[in-house]
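Following my numbering, the numbering of the sequence shown begins with 4 at its first residue and continues without gaps. Idealized CB from N, CA, C, for every residue including glycine. Remember, it's a predicted structure, so these values are computed and weren't measured experimentally.
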Amino acid sequence: MRTSYRTHGGSLDYWQRRWDGVAVDSGAVNLVRYPGLYAEQVINAPRPDGPVLEAGCGAGRVLRHYHENGTRIIGMDFIASVLAAIHREDPTIPLVAGDITKLSFPDETFSAVLAFGLYHGLENGLNEAMADTRRVLKKGGVLCASMRLDNYQNRMTDRMADKSATTGASRFHKLNLTSAEFHALVSGAGFRVETVHYVENMSFLYKYPALRHASQRIFSESVARGAGYRFNLVGNFLQRTAMTLAPSRMANLAVITARAI
Ligand SMILES: C[S@@+](CC[C@H](N)C(=O)[O-])C[C@H]1O[C@@H](n2cnc3c(N)ncnc32)[C@H](O)[C@@H]1O
Numbered sequence: 004m005r006t007s008y009r010t011h012g013g014s015l016d017y018w019q020r021r022w023d024g025v026a027v028d029s030g031a032v033n034l035v036r037y038p039g040l041y042a043e044q045v046i047n048a049p050r051p052d053g054p055v056l057e058a059g060c061g062a063g064r065v066l067r068h069y070h071e072n073g074t075r076i077i078g079m080d081f082i083a084s085v086l087a088a089i090h091r092e093d094p095t096i097p098l099v100a101g102d103i104t105k106l107s108f109p110d111e112t113f114s115a116v117l118a119f120g121l122y123h124g125l126e127n128g129l130n131e132a133m134a135d136t137r138r139v140l141k142k143g144g145v146l147c148a149s150m151r152l153d154n155y156q157n158r159m160t161d162r163m164a165d166k167s168a169t170t171g172a173s174r175f176h177k178l179n180l181t182s183a184e185f186h187a188l189v190s191g192a193g194f195r196v197e198t199v200h201y202v203e204n205m206s207f208l209y210k211y212p213a214l215r216h217a218s219q220r221i222f223s224e225s226v227a228r229g230a231g232y233r234f235n236l237v238g239n240f241l242q243r244t245a246m247t248l249a250p251s252r253m254a255n256l257a258v259i260t261a262r263a264i
């Protein structure tokens, strides 16, 4: 396991600042890209018979989509202000403020847990978080979770970030796990891993505006979060080639689906 650091790192205050600057998402999540593509494989395959938890729901792109299509889904995050903002937009969405390392739900509450971009943000308590996730899932329930990979892609991203840093003072930013470490973490908590997908979310190539799709040349966090981080023709060619030749080295994330046993 490798840890990434940033001058603007920190966990709680990083997310507080990040969500303070961003509008609440609409439910228009792209279902052919991460994370919608993977949520879809859990929620419509077939739809779980019990409630679904979106742990670390953030500004609500996944949560709102599934709430609007009739799924019994609850959003949980440790940033109360982002939950309050979602509530102002749609007071019918069930929301709970909490920490993934110590969930307040009773044992075996959920049929599925979605956790995109959550576990690698934990400076402490990764094993506890996975154990508590297992605790709140029913036996046979499904976890769909992503993890930042310890690979070439993320080492490049971290190197670029280190170069643009203005001071040397660094704080915790993200954990990076190899695919094998992620697999061991999940199975060690009482799951049987069913699928592992290597996923591009935001490639380091996207940091070059010349490679971005014309509609995203000027970066907007909420546009990119809804539509995905899109490339132009050249960017697409480079990224597609890299992903075809070496998916485990060029992906940002691994997404695991696993069943509680
Ligand atoms: C990368 S964002 C993903 C948001 C959302 N799942 C999505 O895909 O749009 C990770 C989220 O996890 C939340 N988070 C980080 N650490 C947490 C913790 N210990 N407990 C609960 N939520 C946490 C952050 O506030 C943030 O909203």
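Contact between G143 and A263 holds, since their C-beta atoms are separated by about 6 Å, short of 8 Å. When the Cα atoms are used, R252 and Y122 turn out to be separated by approximately 20 Å. When the beta-carbon positions are compared, V85 and A62 come within less than 8 Å of each other. The continuous beta strand (DSSP E) containing D80 extends over residues I76 to D80. Here N239 is not near V202, since their CB atoms are 8 Å or more apart. For Y8, the three-state secondary structure derived from DSSP is strand. Residue burial is scored here from C-beta neighbours: V35 has fewer than 16 other C-beta atoms within 10 angstroms and is therefore classed as exposed. I89 sits in a helix when the DSSP states are folded into three classes.
Secondary structure note for V189: its alpha helix (DSSP H) is the uninterrupted segment S182 to G191. Spanning the alpha carbons of Y69 and T112 requires a straight line of approximately 18 Å. A check of alpha carbon separations from T244 across Q219, S206, I259 and A230 identifies S206 as the nearest.
DSSP, read as helix, strand or coil, puts S14 in coil. Per DSSP, the continuous beta strand (DSSP E) segment holding V116 begins and ends at F113 to A118. Residue burial is scored here from C-beta neighbours: A42 has at least 16 other C-beta atoms within 10 angstroms and is therefore classed as buried. Rounded to the nearest angstrom, the Cβ distance from I82 to E57 is 14 Å, too far for a contact under 8 Å. By the Cβ neighbour-count rule, T198 is exposed, with fewer than 16 other Cβ atoms within 10 Å of its own.
Using a C-beta cut-off of 8 Å, the region 177–186 makes contact with the region 152–163, since at least three inter-stretch Cβ pairs fall below that distance. Distance from the Cα of M246 is smallest, within the candidate group E71, N204 and E224, for N204.
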